[in-house]
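As structure tokens, the structure follows; a few thoughts come after it.
Chains as they are written, first to last, in the working numbering: chain P, 1 to 314; chain V, 1001 to 1216.
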């Protein structure tokens, strides 16, 4: 009788311990999201991917009325990207600058948790690592280890008081760092937006991007989704070379994100560079007159499985 | 033999990577320099490789360099008592050309934890000192971590090992990969990557955290 009581207490303790851990983890991720979105800060940060180092600057001003954010290059191609609510404008002296801005904006650092923290922690487990410093501040590294296979491991260094993500890494299953982002300077002192210098270059492009609803139950029957991923967007788009409309679906698990492009094969299709960027990989599968392209920060075999599942269902 | 100017630059980089440059303008200047200067760029990657090697990770610059760094580290004797170094002011506007790169030479770890005096450019210490510092810092972080952790999260979470699945290298058989170009340039040639990136511009709303920029 006594052993049953002991077993029950043990299970209860284990369950409550896991729950407490999960709650602490959710709180940590929520704090990081709030710090990235709803605080005011500025800093310089670097993106290190594919043995390339890119230095960038961010000014993020938050008030109850809204967010104004400016990102710019610190070296190489010069550009500026301004976000005012839903409106994003790219300023650059020429096309190369616009492309560089495009690449930088694809990593909305430090706002790396785009999904519901609870949902993220259903698919990644937090593991405490070690202390570090970044931009003159302490931070503590945590690993987000995928529970299911076919995802990359993330290491995130959180500033303890604010939860701000001071450094982050994406690692493959062998522990190889594919991409890292880190603040090299960070300050809460930001001049009022009306004193920010105006863009120094002509406007190259503007986007009006309404926020995407984050419904973790959204799905599609066109492919087999890896566990935990949900549909963000399903739309038709055209590419600059004038080919016919391509179906573009975007999925996320709150941390990783991938796109699936489905289109009929056409003779005028141009070759595509198979190179990804840092942790972003690309896989193309062409079968039965249909090209399926999967792009995202997932391991190659995950992208392949996704592409194959599209072919199987069409 | 590294010139004094190069040593000065590396000292700046060292302080910057240790998070000890408080002035945002100065830090931005160093970030710009690290990205554009061949010596600093290479050394930046080496520093991170050492950090990665100490943590058991591999670096992004490839196995060969990582192996060389690890090998160099293994052959470095460890001195546990760091010696004092002369401090000096470093001019910021000197030219940066004609530099040589010695990637195998170890450099400071990027995982210090103790509070340092206010930011001052420091002399580049020897590789021995860096190795010893890295080891000391690692030991200190192990010692202090449990006390400091409470500021971030209430309880530690159980360690989980990653299920290592063999990664299949995938290349599309029907698409020609014509010329190797830097990834910064591939966006033009790769509409899929371009379109995928664009998807990240739109803010994805977490249900419990609403971005207040809406409606501006």
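We put the CB at the ideal spot given by N, CA and C, even for glycine.
Note that the coordinates shown come from a computational prediction; the quantities given were computed from them, not determined experimentally.
In terms of residues, what are the limits of the alpha helix (DSSP H) holding residue 120 of chain P?
Taking the first residue of the first chain as position 1, residue 120 of chain P is located at position 120. That run of the alpha helix (DSSP H) goes 117-120.
Do residue 1038 of chain V and residue 46 of chain P count as a contact pair if the criterion is CB distance below 9 Å?
Counting from one through the first chain, the residue named residue 46 of chain P turns up at place 46. Counting from one through the second chain, the residue named residue 1038 of chain V turns up at place 38. No, they are not a contact pair.
On the premise that residue 1192 of chain V lies in contact with residue 282 of chain P, defined as a C-beta separation below 8 Å, what is that separation, rounded to the nearest angstrom?
On the first chain, position 282 is the one that residue 282 of chain P refers to. On the second chain, position 192 is the one that residue 1192 of chain V refers to. 6 Å between Cβ atoms; contact.
For residue 237 of chain P, the nearest candidate out of P/230, P/248, P/265, P/231 (CA to CA):
To locate residue 237 of chain P, count along the first chain from 1; it is residue 237. Closest by alpha carbon: P/248.
Residue from P/59, P/304, P/53 with nearest C-alpha to residue 194 of chain P
Numbered from its first residue, the first chain carries residue 194 of chain P at position 194. For the residues P/59, P/304, P/53, the minimum Cα distance to residue 194 of chain P belongs to P/59.
Give me the chain P residues within the contact set of residue 1200 of chain V, using Cβ-Cβ distance strictly less than 8 Å, ordered along the chain.
As a first step, residue 1200 of chain V must be located in the second chain, where it is residue number 200. Neighbours of residue 1200 of chain V across chain P, judged by C-beta separation under 8 Å: 105, 106, 107, 108, 257.
Rounded to the nearest angstrom, what separates residue 1181 of chain V and residue 50 of chain P at their Cα positions?
To locate residue 1181 of chain V, count along the second chain from 1; it is residue 181. To locate residue 50 of chain P, count along the first chain from 1; it is residue 50. Any reading at residue 1181 of chain V needs caution, since the residue's pLDDT is 31, under 50, leaving its predicted position unreliable; the model's value is listed next. Spanning the two alpha carbons is a distance of roughly 12 Å.
Pop quiz: residue 54 of chain P and residue 104 of chain P are said to be a contact at Cβ under 8 Å. What is the actual Cβ separation, rounded to whole angstroms?
One-based indexing of the first chain puts residue 54 of chain P at position 54. One-based indexing of the first chain puts residue 104 of chain P at position 104. With 8 Å as the limit, residue 54 of chain P and residue 104 of chain P qualify as a contact, their Cβ atoms being about 7 Å apart.
Could you tell me whether any non-hydrogen atom of the ligand NAP is closer than 8 Å to the CB of residue 250 of chain P?
In terms of ligand content, the structure shown is empty, and the ligand NAP therefore cannot be addressed.
Within 9 Å (strictly less), CB to CB, does residue 277 of chain P reach chain V?
Mapped onto the first chain, residue 277 of chain P falls at position 277. By this cut-off, residue 277 of chain P is an interface position.
C-alpha distance - residue 262 of chain P paired with residue 246 of chain P, whole-angstrom precision:
Residue mapping note: residue 262 of chain P aligns to position 262 of the first chain, counting from 1. Residue mapping note: residue 246 of chain P aligns to position 246 of the first chain, counting from 1. Distance between the alpha carbons of residue 262 of chain P and residue 246 of chain P is about 6 Å.
Does the Cβ-Cβ distance between residue 169 of chain P and residue 137 of chain P come in under 9 Å?
As a position in the first chain, residue 169 of chain P is number 169, starting the count at 1. As a position in the first chain, residue 137 of chain P is number 137, starting the count at 1. No. Outside cutoff.
Below 6 Å CB to CB, which residues in the same chain sit around residue 166 of chain P once its five sequence neighbours on both sides are set aside?
Within the first chain, the letter at position 166 stands for residue 166 of chain P. The beta carbon of residue 166 of chain P lies closer than 6 Å to those of 134, 139, 157, 159, 183 in the same chain, with the five residues before and after it left out.
Contact criterion: CB-CB distance below 9 Å. Does residue 1027 of chain V meet it with respect to chain P?
Counting from one through the second chain, the residue named residue 1027 of chain V turns up at place 27. Yes, its Cβ sits closer than 9 Å to a Cβ of chain P.
Pick from P/62, P/30, P/69 that is closest to residue 197 of chain P, judged by C-alpha positions
Position 197 of the first chain, counting from 1, holds the residue named residue 197 of chain P. Residue P/69 is the option with its Cα nearest to residue 197 of chain P.
How far does the beta strand (DSSP E) with residue 193 of chain P in it reach, from first residue to last?
Translated into positions along the first chain, residue 193 of chain P becomes position 193. That residue, residue 193 of chain P, is in no beta strand (DSSP E); it is neither H nor E in DSSP.
Verify the CB distance criterion: does residue 314 of chain P have a CB-CB separation below 9 Å to chain V?
Here residue 314 of chain P refers to the residue found at position 314 of the first chain. Because residue 314 of chain P carries a pLDDT of 48, less than 50, the predicted location of this residue cannot be relied on, and the following value inherits that uncertainty. Output row for residue 314 of chain P: interface = no.
Does any residue of chain V have a CB that is nearer than 9 Å to the CB of residue 94 of chain P?
By one-based count along the first chain, residue 94 of chain P stands at place 94. Residue 94 of chain P does not count as touching chain V.
Cβ of residue 310 of chain P within 9 Å of any chain V Cβ
Counting from one through the first chain, the residue named residue 310 of chain P turns up at place 310. The beta carbon of residue 310 of chain P sits no closer than 9 Å to any beta carbon of chain V.
At 3 residues or longer, and completely inside the segment 214-289 of chain P: list those beta strand (DSSP E) runs for me, N to C.
230-237, 246-252, 257-264, 281-287
Please compile the residues from chain V whose C-beta is within a distance smaller than 7 Å of the C-beta of residue 295 of chain P.
Here residue 295 of chain P is taken as the residue at index 295 of the first chain, counted from 1. Per Cβ cutoff of 7 Å: 1192, 1193, 1196.
Is the segment 111-125 of chain P touching the segment 61-78 of chain P, taking contact as three or more C-beta pairs under 8 Å?
no
Unbroken alpha helix (DSSP H) runs of length 4 or more, entirely within the segment 54-142 of chain P: which are they?
95-105, 117-120
Neighbourhood of residue 93 of chain P by C-beta distance below 7 Å, restricted to the same chain and skipping five residues each side:
Taking the first chain and counting its residues from 1, one reaches residue 93 of chain P at position 93. Closer than 7 Å at the Cβ level, and outside the excluded window around residue 93 of chain P, lie 78, 201.
Give me whichever residues DSSP pairs with residue 38 of chain P in a beta bridge.
Residue mapping note: residue 38 of chain P aligns to position 38 of the first chain, counting from 1. For residue 38 of chain P, which the question treats as bridged, DSSP gives no partner whatsoever.
Between residue 46 of chain P and chain V, is the shortest Cβ-Cβ distance under 9 Å, so that the two count as touching?
By one-based count along the first chain, residue 46 of chain P stands at place 46. Answer yes: the Cβ-Cβ gap between residue 46 of chain P and chain V drops below 9 Å somewhere.
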